[in-house]
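Colleague: In order, the protein sequences belong to chains U and F.
For the first sequence, the working numbering begins at 2 and goes up steadily by one.
For the second sequence, the working numbering begins at 0 and goes up steadily by one.
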Amino acid sequence: MLELPLRLSGTVFVLAAVVTACDEGLQPQPICGAGFVGVCGTIHFRGTIPDSTDNVFVAAYVTFPQTCNDLIANRQPFIPASVPYTDSAAAYSVTLPPRAYEWVLAVWKKVGTLQLSPADTALLRVAGYYRNPADTTQPGVVTVPSGGAAANIDFIADFAHLRPATDFVTCTAR
Amino acid sequence: MHRALTLFLFLAVPAAAPAQSGGVVHGTVRSSQGGPIRGAMVGISGSTFYTQTDADGRYRLAPVPPGDVRVRAAAIGYSPQAIVVTVRGADSVTADFALEPSPLELTPLDVVSTKLPRFGDHPVTSVAQVSEQEIDRRAVNTIDEAIDKVPAIQFLNGQINIRGSTGYVQGLNSRVLLLVDGVPMNEGDRGGINWDLVPVDQIERVDILKGAGSSLYGSSALGGVVNLTTRDVPTGVHERVRFTGGVYANPPHPVWEFRDQSGYQGGGDGTWSYGTDEFGASISGGARHSDGYREHDSGNHWQLAGKSRWQPAPKTRVDVSGAWADDKYDAPLSWCTQGQCEDLGQAYQPFKTDTGGRPSWTDSRKGYVAAQARTVVSDRFAWQARGSWYRTDFFDQRRDTSEFGVSNRFGGEIRVEAHPDSSRTVLVGAEGAYSNVTSDIFGDHSQSEFSAYGQSEQALGRARLNAGARIDFLAIDGGSLSAVVSPRLGGSLPLGRNGGALRASVGRGFRAPSLAERFVDLVASEFGLRVVPNPNLRPETAWSFELGGTTAPFLTFMRADAALFWTEARDLIEPTLIVASSGPEIQLQNVAEARIAGLDATLLAAPLSARLKTALSYTYLSTERRAPGSPNGPLAYRPAHQLKLAADYALGPAGVGADFRFASRPESIELEGYVDPRRVPMKVLDFRAQWTHGPFELRLLVANALNYIYNLVPQTLAPVRTTTLTAVWSH
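Pasting the structure below:
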């Protein structure tokens with residue numbers, strides 16, 4: 002008489018245990034690990050870190066920006082995460098949709114609040130960018146494959162040669 | 000309003016009539032195995048007379064009119080019983096009950112959805128209850144940990160969702176109303192809920208109304224109502240002491256380790272009470288400390304609570320209660336992503352927090368005082384009045400800045416309850432509340448609320464029809480009033496004599512914007528954007544429909560309850576990116592409409608008599624968010640599937656149990672693309688055991704026994720395996 006209910010109860014909990022065992026929850030994810038989609042690599046830092054440094058972040062552009070407005074509006078990700086900059090080198094990764102990017106760069110930011118407008122360029126400097134291996138005077142194109150990562154996108158960020166946006170684009174106001 | 004006033008005056012007439020003399024019905028409610036049943040409901044159907052048993056299972060009803068009366072006793076987990084007694088003059092009559100254990104027995108009454116205790120009736124909307132026994136054996140520190148096990152309820156970082164009502168809005172509001180002994184306790188500034196306001200050891204029972212309850216409870220009851228009933232003061236001298244101690248599991252992967260030794264938690268509290276038949280008072284105090292299960296997660300909690308009852312006349316009872324809690328804890332607790340901490344080459348570190356954001360901590364103090372009086376004028380008429388003051392006070396210290404806020408919520412209500420005949424119940428009431436806030440991020444503002452409500456329930460053959468409505472007037476900073484009307488219509492139909500019933504209801508709910516939502520003015524440091532005020536926010540509204548049913552026991556050991564629900568919400572308040580002359584800003588706006596539909600089903604089974612009790616519940620949610628300028632999609636933070644399993648086996652003074660909770664991975668989160676998108680399904684298994692010996696009780700809880708690592712909201716690690724031992728001595 003009791004066999005049916007006992008079997009039923011046992012089955013329910015075995016099912017629960019199986020469901021639990023099927024998924025291991027959150028797992029460690031090395032930078033540029035399996036499943037990551039975007040750009041990753043190492044930034045090598047040079048020069049003395051300015052006292053006014055707030056942070057350093059990595060951003061990417063599908064097409065090379067032409068104006069100050071492009072710098073802000075076309076930035077990916079729109080609100081980038083910071084990269085540690087106190088050691089001589091730091092691994093980084095930026096989640097990006099699969100496609101080609103004409104400019105991947107490290108941006109230095111001084112202390113201050115960003116407005117997400119062209120006026121932000123007053124707080125931002127280009128610290129370095131990935132260069133074309135065949136012509137290191139030019140930015141290199143980085144292609145994020147579908148479902149994978151563009152790895153080993155290594156470049157140098159030089160605190161001694163922080164360059165304003167106007168070195169690269171046309172700005173009507175700063 | 001005019002009609003409500005007329006009805007009030009009509010109903011008040013009996014109050015002026017000379018009171019009838021009556022007798023006393025008293026006795027005990029025990030289990031058929033001999034033990035007293037605490038908290039059993041005892042009352043006379045269709046009348047104003049009801050009460051609860053004390054710790055010794057004793058009850059007293061007075062003054063009961065002369066004649067034959069049918070006294071009914073019911074308790075969750077026992078078969079209800081009725082006894083007919085004859086009351087002569089002012090004599091005392093004894094009616095002792097011996098209830099048979101019946102693990103399939105459902106919630107014995109429907110307090111929350113009607114504000115009236117009723118016996119033998121079936122609620123017109125879904126109601127759940129967490130009993131004292133369930134709270135005890137779960138060995139929890141705050142009551143939300145016990146409510147989290149109720150079907151169709153999910154807590155997201157402390158924020159309650161009943162059938163997907165609220166989502167996650169970082170405590171800025173709640174679409175669920177919290178009541179403590181019937182008194183609203185949502186914060187005056189943010190509208191959120193502090194689940195540690197009342198010491199968990201003082202809570203006797205939790206009643207939960209699922210679905211819109213604004214027709215009786217007004218604002219915030221958009222998605223449901225939770226009522227905490229605190230312990231009554233028993234007669235005699237009683238003491239209760241409780242100590243807890245526990246340890247947190249370490250991270251399961253060496254690369255996530257963040258400290259050299261394990262983290263601990265512990266605390267203690269005590270209660271002393273004294274009572275006579277006319278008067279009783281209790282006072283309790285306690286403290287606890289937690290190292291936290293992650294980095295920068297320690298916290299301290301102190302609490303004081305008191306309650307008194309006074310019966311100045313046989314027909315009148317006055318209750319005064321209050322509590323104060325102070326929490327100081329590290330914050331915020333978002334996990335760090337690459338570069339924000341010592342990441343050890345990991346894209347994220349779920350046990351570590353952003354080192355650049357420190358020092359940061361929060362000091363949160365909150366307390367309330369409430370007084371209620373209830374007079375039973377006759378077996379047909381009673382009135383009740385209450386007043387309350389709820390104060391919250393927070394101070395947030397962050398690396399570069401600090402924030403503070405002090406808010407008060409004063410509330411009052413008067414209601415009358417009439418039973419014109421045995422087939423009809425009428426309830427009419429008026430309620431008022433005044434909230435204010437002084438804060439550097441919310442400013443100095445106030446909100447006033449005035450309301451009137453009425454509800455009637457009528458027997459129509461075997462069926463019962465329930466209809467009611469409430470009108471709420473809202474004024475901000477003393478300005479003009481805006482009105483919200485919340486009607487509800489429902490009915491229930493018993494199926495046979497074994498407890499099966501069908502139910503159906505339709506009702507409108509609303510939630511007034513909190514003062515914080517209207518006037519918040521700060522810079523969201525994580526985005527570098529300013530959040531600007533919007534004083535013109537309108538209330539959120541929703542129509543909710545429910546069709547459900549409870550079966551009678553079948554296959555001798557099973558019982559089922561299921562409900563289909565559908566909510567259409569309008570004017571939902573969400574953060575919106577706007578472009579101002581100074582650049583982009585965030586403002587809370589009434590932008591979204593939404594549909595939440597689904598199934599809420601529970602199967603109870605007691606395959607080994609009363610020794611083994613199991614429950615299986617499943618909730619399916621289908622949601623759709625509609626807003627101008629964005630594609631339709633699912634609402635954020637609503638898992639489509641939730642499954643809960645519970646099993647308890649009792650053998651004499653010992654018992655063991657387990658809870659399993661599953662929630663599928665939420666399809667959508669807010670600010671997708673701007674926050675760490677990592678999220679996984681929730682799969683949590685808890686084990687517990689308890690042993691009682693005389694006045695001593697030991698409880699063991701292993702929460703998240705498999706140490707499943709998961710998060711419910713972005714970048715916030717949910718609790719790891721926590722082993723807690725609790726010792727209780729009560730006298």
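By construction, the Cβ of each residue, glycine as well, lies at the ideal position given by its N, Cα and C atoms.
1) So what does DSSP say about U/N70, is it helix, strand or coil?
2) Using the beta-carbon of each residue, which ones in chain U are nearer than 7 angstroms to F/T336?
3) Using the C-alpha atoms, what's the distance from F/Q396 back to F/A220?
4) Contact criterion: CB-CB distance below 9 angstroms. Does U/Y102 meet it with respect to chain F?
5) On the premise that U/Y93 lies in contact with U/F46, defined as a C-beta separation below 8 angstroms, what is that separation, rounded to the nearest angstrom?
6) Out of curiosity, what's the CA-to-CA distance linking F/R189 and F/L602?
7) Assess contact between the region 576–594 of chain F and the region 216–231 of chain F, defined as three or more Cβ pairs (one per stretch) separated by less than 8 angstroms. Is contact present?
8) For U/A158, which residues from the same chain have a beta carbon less than 8 angstroms from its beta carbon, with the 5 sequence-adjacent residues on both sides left out?
9) Among the candidates F/V197, F/I43 and F/A605, whose CA atom is the shortest distance from the CA of F/D180?
10) Spell out a yes or no on whether the region 492–506 of chain F and the region 426–435 of chain F are touching, meaning 3 or more CB-CB pairs, one atom from each, closer than 8 angstroms.
11) Which whole runs of the alpha helix (DSSP H) in the region 587–661 of chain F are 4 residues long or more, in chain order?
12) Taking a cut of 8 angstroms between CB atoms, which residues from the region 578–611 of chain F lie near chain U?
13) Compare the Cα-Cα distances from F/A717 to each of F/P62, F/F449, F/N156 and F/D476 and report the closest residue.
14) With a threshold of 9 angstroms between beta carbons, is U/A91 in contact with chain F?
15) Could you pull the start and end residues of the beta strand (DSSP E) that F/L215 belongs to?
16) With DSSP run on the structure shown, which of helix, strand or coil describes F/F409?
17) So within the region 331–362 of chain F, which uninterrupted beta strand (DSSP E) runs reach at least 3 residues, ignoring any that extend past its ends?
18) When you check each C-beta in the region 237–263 of chain F against every C-beta of chain U, which residues fall closer than 7 angstroms?
19) Can the beta-carbon of U/G149 be found closer than 9 angstroms to that of U/V105?
20) Need the endpoints of the alpha helix (DSSP H) that F/Q132 sits in, please.
21) Give the DSSP-derived three-state secondary structure of U/T122 in the structure shown.
22) Do F/Q454 and F/L208 have their C-beta atoms closer together than 9 angstroms?
23) Roughly how many angstroms lie between the CA atoms of F/D752 and F/T437, to the nearest whole one?
24) For F/D599 versus F/A562, is the C-beta distance shorter than 9 angstroms?
25) Indicate the three-state DSSP secondary structure (helix, strand or coil) for F/R677 in the structure shown.
26) Please identify, using Cβ separations under 9 angstroms, the residues of the region 150–161 of chain U that lie next to chain F, in order along the chain.
27) Distance check for F/Y263 and F/G244, CA to CA, integer angstroms please.
28) In the DSSP assignment, what are the bridge partners of F/N435?
29) Leaving out five residues on either side along the sequence, give the residues of the same chain with a beta carbon under 8 angstroms from the beta carbon of F/R398.
30) I want to verify the contact list: residues of chain F whose CB lies under 9 angstroms from the CB of U/I32, in sequence order.
31) Grab me the residues of F/V83's own chain with a C-beta within less than 8 angstroms of its C-beta, minus the 5 sequence neighbours each way, in chain order.
32) Quick check on the burial criterion: 16 or more other C-beta atoms within 10 angstroms. Buried or exposed for F/Q19?
33) Three or more C-beta pairs under 8 angstroms: does that hold for the region 647–657 of chain F against the region 670–682 of chain F?
34) What's the gap between the Cα of F/V111 and the Cα of F/V129?
35) Flag this pair as touching only if the region 340–355 of chain F and the region 378–388 of chain F have three or more C-beta atom pairs under 8 angstroms; answer yes or no.
36) Within 9 angstroms of any Cβ in chain U, is that where the Cβ of F/R720 sits?
Modeller: On the basis of the data shown:
1) Note: U/N70 maps to helix in three-state DSSP.
2) Here the neighbours are A82.
3) One Cα belongs to F/A220, the other to F/Q396, and the distance between them is close to 32 angstroms.
4) Residue contact with chain F for U/Y102: absent (no Cβ-Cβ distance below 9 angstroms to any residue of chain F).
5) About 11 angstroms separates the two Cβ atoms, so there is no contact after all.
6) Note on geometry: alpha-carbon atoms of F/R189 and F/L602 lie some 37 angstroms from one another.
7) Between the region 576–594 of chain F and the region 216–231 of chain F there are fewer than three inter-stretch CB-CB distances shorter than 8 angstroms, so the stretches are not counted as touching.
8) Only I44, H45, F46, R47, V57, Y86, A107, W109, A128 and G129 meet the Cβ criterion.
9) Nearest of F/V197, F/I43 and F/A605 to F/D180, Cα basis: F/V197.
10) The region 492–506 of chain F makes no contact with the region 426–435 of chain F: fewer than 3 CB pairs, one atom from each, lie closer than 8 angstroms.
11) The region 587–661 of chain F contains no whole alpha helix (DSSP H) run of 4 or more residues.
12) Within the region 578–611 of chain F, the residues whose Cβ lies closer than 8 angstroms to some Cβ of chain U are S581, G582, P583, A604, P606, L607 and L611, listed in chain order.
13) Among F/P62, F/F449, F/N156 and F/D476, the Cα nearest to that of F/A717 belongs to F/N156.
14) Output row for U/A91: interface = yes.
15) Careful: F/L215 lies outside any beta strand (DSSP E), inside the alpha helix (DSSP H) at S213 to Y216.
16) DSSP places F/F409 in strand when its eight states are reduced to three.
17) Entirely contained in the region 331–362 of chain F, the beta strand (DSSP E) runs reaching 3 residues are, in chain order, 334–336 and 347–352.
18) Within the region 237–263 of chain F, the residues whose Cβ lies closer than 7 angstroms to any Cβ of chain U are, in chain order, H252, V254 and W255.
19) No; because the gap between Cβ atoms is not below 9 angstroms, this pair is not in contact.
20) Per DSSP, the unbroken alpha helix (DSSP H) holding F/Q132 starts and ends at E131 to R137.
21) When secondary structure is reduced to three states using DSSP, U/T122 falls in the helix class.
22) Going by C-beta atoms, F/Q454 is not nearer than 9 angstroms to F/L208.
23) The first residue shown for chain F is 0 and the last is 730, placing residue 752 of chain F beyond what the model contains.
24) It is a contact, given that the beta carbons lie within the stated cut-off.
25) The answer is coil: DSSP assigns F/R677 none of H, G, I, E or B.
26) So the list is empty, because no residue satisfies the distance condition.
27) Cα to Cα, F/G244 sits roughly 8 angstroms from F/Y263.
28) DSSP, once it has assigned bridges, lists F/N407 and F/S445 as partnering F/N435.
29) For F/R398, the CB contacts under 8 angstroms within the same chain, skipping 5 residues up- and downstream, are G355, G356, R357, P358 and S359 in chain order.
30) By Cβ distance, chain F contributes Q337, D342, G344, Q345 and A346.
31) D67, V68, R69 and V70.
32) Confidence at F/Q19 is low in this model, with a pLDDT of 46, below 50, so its placement is unreliable and the value that follows should be read with caution. F/Q19 is classed as exposed because its beta carbon has fewer than 16 other beta carbons within 10 Å across all chains shown.
33) The region 647–657 of chain F and the region 670–682 of chain F do not touch, with fewer than 3 CB-CB distances between them shorter than 8 angstroms.
34) Legend: pLDDT at F/V111 = 48, less than 50; position of this residue unreliable, no value from coordinates given.
35) Touching, no, given that fewer than three Cβ pairs across the two stretches are closer than 8 angstroms.
36) No, F/R720 does not count as interfacial toward chain U.
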